[in-house]
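*Asks:*
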Amino acid sequence: MTVYNFAAGPATLPDPVIKQIQAELPSLQGTGMSVLEISHRSAMFDDIINTAEQDIRDLMHVPANYHILFFQGGGTGQFAAAPLNLATQHKRIALLDSGHWASRAGDEAANLGVTVDTIASTKDKHYQELPHLDKPLSAEDYDYLHVTTNNTIEGTAYHTLPEHGDVTLVGDLSSNFMAENYNVQDFGLIFGGVQKNLGPAGVTITIVRDDLVKPVEHIPSILNYALFVKKNSMFNTPPVFAIYATGLVLKWLKQQGGLAEIEEVNRKKAALLYDFLDDSKLFTNYIKKSDRSLTNVPFTTDNPDLDTQVIQAAADSGLMNLKGHRSVGGLRASLYNAMPVKGVQALVDFLHNFETQH
Ligand SMILES: *Cc1c(COP(=O)(O)O)cnc(C)c1O
Numbered sequence: 001m002t003v004y005n006f007a008a009g010p011a012t013l014p015d016p017v018i019k020q021i022q023a024e025l026p027s028l029q030g031t032g033m034s035v036l037e038i039s040h041r042s043a044m045f046d047d048i049i050n051t052a053e054q055d056i057r058d059l060m061h062v063p064a065n066y067h068i069l070f071f072q073g074g075g076t077g078q079f080a081a082a083p084l085n086l087a088t089q090h091k092r093i094a095l096l097d098s099g100h101w102a103s104r105a106g107d108e109a110a111n112l113g114v115t116v117d118t119i120a121s122t123k124d125k126h127y128q129e130l131p132h133l134d135k136p137l138s139a140e141d142y143d144y145l146h147v148t149t150n151n152t153i154e155g156t157a158y159h160t161l162p163e164h165g166d167v168t169l170v171g172d173l174s175s176n177f178m179a180e181n182y183n184v185q186d187f188g189l190i191f192g193g194v195q196k197n198l199g200p201a202g203v204t205i206t207i208v209r210d211d212l213v214k215p216v217e218h219i220p221s222i223l224n225y226a227l228f229v230k231k232n233s234m235f236n237t238p239p240v241f242a243i244y245a246t247g248l249v250l251k252w253l254k255q256q257g258g259l260a261e262i263e264e265v266n267r268k269k270a271a272l273l274y275d276f277l278d279d280s281k282l283f284t285n286y287i288k289k290s291d292r293s294l295t296n297v298p299f300t301t302d303n304p305d306l307d308t309q310v311i312q313a314a315a316d317s318g319l320m321n322l323k324g325h326r327s328v329g330g331l332r333a334s335l336y337n338a339m340p341v342k343g344v345q346a347l348v349d350f351l352h353n354f355e356t357q358h
């Protein structure tokens, strides 16, 4: 049975990458040593991390005045790192409350003593559409505006970034990193764990504009952007295996043609599922059409028992991890970069059959 994994993260990886990891695991490049064993100070790892960095730069067209850094601690670690490094002048940030992860980011900044102004929220609409700014913001009032480009749990995404004025934009791209093509220059800072679109759990990519990297006192070294720039992300032992595996996924993404091509495939995958859901008499996606995510699609029969039956029957057919997040319920299909079109087609066929039988 072919298995398709619709998990929200950690998530499916490209088959050729899994096979390459398997083949190379006992002996990396004929050295007789596994990537699990090599030193992060070795020439071999230097090449791995530098190549990964260059491939990110190529794929996202990252300009020369941006640094690409590798952290541990996930997106959640960057919820702390961003205010610690950037909210130093006004100690005040603006937030678009578009869902669970946006509000978690706000909570973390507030915990660190930063004032968080929630400029707009769609909480009262169950986050089924995106919040927008009434008016642009000024850099004289805020250190930055935090925006979650894709809301993993709720299934919304900013396909066009909010008109934000001259304030620095900080983007949490965790769940549509290189799945949707954004212009890096629109952001002062981008971050995301790789375990959704780009690799296994364990490494977080941060892209930060040079002028925002300043020496900051009294912050943990492992979240210090200036230090990580100086040490080429090797202030301490980096997650060697996760960076290696991410590097393989980046090569695979390049083979797909680049981000414009990837986004096109992702649009096609999402359209397959949304078109089915919109025609269905049993299943519904409640997200405002213009705000629908390409990578995370929540849907439901509006009957929790029936939803559970669908999830079970799907798993029996090799369509795994379709249970929605507990805060939303229902089902959720995550269609990240490595999910093939035929996986989405298999899901649509399954849902169609289920509907016919019920
Ligand atoms: C998954 C996710 C996070 C949290 O990431 P961790 O790496 O688990 O800390 C943050 N933001 C968004 C949008 C996410 O999808």
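UniProt numbering numbers the first residue of the sequence shown as 1 and each following residue consecutively.
All C-beta atoms in this analysis are idealised placements derived from N, C-alpha and C, irrespective of residue type, glycine included.
Which residues mark the beginning and the end of the alpha helix (DSSP H) in which R267 is found?
*Replies:* In the sequence shown, the residue the question calls residue 267 occupies position 267. Segment L259 to D279, the alpha helix (DSSP H) holding R267.
*Asks:* Grab the span of the alpha helix (DSSP H) containing T122 for me, first residue to last.
*Replies:* Within the sequence shown, numbered from 1, the residue matching residue 122 stands at position 122. It is not in any alpha helix (DSSP H) - T122 carries neither H nor E in the DSSP assignment.
*Asks:* Can S293 be considered in contact with ligand 1, in the sense that its beta carbon sits closer than 6 Å to one or more heavy atoms?
*Replies:* Taking the first residue of the sequence shown as 1, we reach residue 293 at position 293. S293: no, Cβ never under 6 Å from ligand 1.
*Asks:* To the nearest angstrom, report how far apart E180 and R292 are at their CA atoms.
*Replies:* Position 180 of the sequence shown, counted from the start, is the residue given in the question as residue 180. Position 292 of the sequence shown, counted from the start, is the residue given in the question as residue 292. Going by the C-alpha atoms only, they are around 13 Å apart.
*Asks:* State yes or no: is the C-beta of T152 nearer than 6 Å to some heavy atom of ligand 1?
*Replies:* Within the sequence shown, the letter at position 152 stands for residue 152. Yes, since a heavy atom of ligand 1 falls inside the 6 Å radius drawn around the Cβ of T152.
*Asks:* On the three-state DSSP scale, how would you describe P298?
*Replies:* Position 298 of the sequence shown, counted from the first residue, corresponds to residue 298. DSSP places P298 in strand when its eight states are reduced to three.
*Asks:* Return the CA-CA distance between D47 and S327, expressed in angstroms with no decimal places.
*Replies:* Here residue 47 refers to the residue found at position 47 of the sequence shown. Here residue 327 refers to the residue found at position 327 of the sequence shown. Cα-Cα distance, rounded: 42 Å.
*Asks:* Quick one: using the 10 Å Cβ neighbour count with 16 as the cut-off for buried, is G113 buried or exposed?
*Replies:* As a working mapping, residue 113 is identified with position 113 in the sequence shown. Exposed.
*Asks:* Going by C-alpha distance, which of L351, Y336 and L250 is nearest S280?
*Replies:* Counting from one through the sequence shown, the residue named residue 280 turns up at place 280. With distances taken between Cα atoms, S280 lies closest to L351.
*Asks:* When you measure from the CB of G74 to every non-hydrogen atom of ligand 1, does any distance come out below 6 Å?
*Replies:* If you number the sequence shown from 1, residue 74 lands on position 74. Result yes, Cβ under 6 Å from ligand 1.
*Asks:* Could you pull out every residue in the same chain whose Cβ sits closer than 6 Å to the Cβ of G193, ignoring the five residues on either side in sequence?
*Replies:* On the sequence shown, position 193 is the one that residue 193 refers to. Excluding positions up to five away in sequence, the list reads G74, G75, S174 and T204.
*Asks:* Alpha carbon to alpha carbon, what distance is there between H132 and P83?
*Replies:* Position 83 of the sequence shown, counting from 1, holds the residue named residue 83. Position 132 of the sequence shown, counting from 1, holds the residue named residue 132. Taking the straight line joining both Cα atoms gives about 22 Å.
*Asks:* According to DSSP, is H100 part of a helix, a strand, or is it coil?
*Replies:* Position 100 of the sequence shown, counted from the first residue, corresponds to residue 100. The answer is helix: DSSP assigns H100 an H, G or I state.
*Asks:* Return the Cβ separation of G188 and T168 in integer angstroms, given the expectation that the two are a contact with Cβ distance under 8 Å.
*Replies:* The residue given as residue 188 occupies position 188 in the sequence shown. The residue given as residue 168 occupies position 168 in the sequence shown. The Cβ separation is near 4 Å, so the contact holds.
*Asks:* What span of residues does the alpha helix (DSSP H) with Y244 cover, start to end?
*Replies:* Residue mapping note: residue 244 aligns to position 244 of the sequence shown, counting from 1. Note, Y244: alpha helix (DSSP H), V240 to Q255.
*Asks:* Counting along the chain, where does the alpha helix (DSSP H) carrying D172 start and finish?
*Replies:* Position 172 of the sequence shown, counted from the first residue, corresponds to residue 172. Counting along the chain, D172 falls outside any alpha helix (DSSP H), though it belongs to the beta strand (DSSP E) covering L169 to D172.
*Asks:* Got a sec, what are the start and stop residues for the beta strand (DSSP E) Y127 sits in?
*Replies:* The residue given as residue 127 occupies position 127 in the sequence shown. Run containing Y127: none; DSSP gives neither H nor E here.
*Asks:* Can you say whether G247 is buried or exposed, counting buried as having 16 or more other CB atoms within 10 angstroms of its CB?
*Replies:* Taking the first residue of the sequence shown as position 1, residue 247 is located at position 247. Looking at its Cβ environment, which holds 16 or more other Cβ atoms inside 10 Å, G247 is buried.
*Asks:* Can you check whether the CB of K269 is closer than 7 Å to the CB of L335?
*Replies:* The residue you call residue 335 lines up with position 335 of the sequence shown. The residue you call residue 269 lines up with position 269 of the sequence shown. Yes, the pair counts as a contact, with Cβ atoms nearer than the cut-off.
*Asks:* Mark L36 as exposed unless 16 or more other C-beta atoms lie within 10 angstroms of its C-beta, in which case mark it buried.
*Replies:* The residue labelled residue 36 in the question sits at position 36 within the sequence shown. It is exposed - the Cβ of L36 has fewer than 16 other Cβ atoms within 10 Å.
*Asks:* Can we count T148 as close to ligand 1, meaning its CB is less than 6 Å from some heavy atom?
*Replies:* The residue given as residue 148 occupies position 148 in the sequence shown. It does: the Cβ of T148 is within 6 Å (strictly closer) of some heavy atom of ligand 1.
*Asks:* For a test of the three-state rule: what should DSSP assign to Y144, helix, strand or coil?
*Replies:* Numbered from its first residue, the sequence shown carries residue 144 at position 144. If DSSP states are grouped into helix, strand and coil, Y144 belongs with the strands.
*Asks:* Looking only at DSSP bridge pairs, what is Y66 linked to?
*Replies:* Translated into positions along the sequence shown, residue 66 becomes position 66. Bridge partners of Y66: R209.
*Asks:* Per DSSP, which residues does F71 bridge with? Please list them.
*Replies:* Locating residue 71 in the sequence shown gives position 71, where the first residue counts as 1. Per DSSP, T204.
*Asks:* Do three or more CB pairs link the region 105-123 to the region 251-262 at distances below 8 Å?
*Replies:* Touching, no, given that fewer than three Cβ pairs across the two stretches are closer than 8 Å.
*Asks:* From K231 to Y66, what distance separates their C-alpha atoms?
*Replies:* Looking up residue 231 in the sequence shown gives position 231. Looking up residue 66 in the sequence shown gives position 66. Approximately 15 Å between the Cα atoms of the pair.
*Asks:* Between F354, Y274, G258 and K289, which lies nearest to A313 when the distance is taken from Cα to Cα?
*Replies:* Within the sequence shown, numbered from 1, the residue matching residue 313 stands at position 313. Ranking the options by Cα distance to A313, first place goes to F354.
*Asks:* May I have the straight-line CA-CA distance separating T31 from L25, to the nearest angstrom?
*Replies:* As a position in the sequence shown, residue 31 is number 31, starting the count at 1. As a position in the sequence shown, residue 25 is number 25, starting the count at 1. In a straight line, the C-alpha of T31 is about 11 Å away from that of L25.
*Asks:* In three-state terms, what does DSSP make of S293?
*Replies:* What you label residue 293 is simply residue 293 of the sequence shown in a count that begins at 1. It is coil, neither helix nor strand.
*Asks:* If you follow the alpha helix (DSSP H) that L322 is in, where does it begin and where does it stop?
*Replies:* For this step, residue 322 is matched to residue 322 along the sequence shown. Neither: L322 is in no alpha helix (DSSP H) and is coded neither H nor E.
*Asks:* Pull the bridge partners of Y286 from the DSSP assignment, please.
*Replies:* Position 286 of the sequence shown, counting from 1, holds the residue named residue 286. Y286 pairs with nothing; no bridge assigned.
*Asks:* Does the distance from the CB of L95 to the CB of H146 come in under 7 Å?
*Replies:* Reading the sequence shown from its first residue, position 95 is the one you call residue 95. Reading the sequence shown from its first residue, position 146 is the one you call residue 146. A contact, by the Cβ cut-off of 7 Å.
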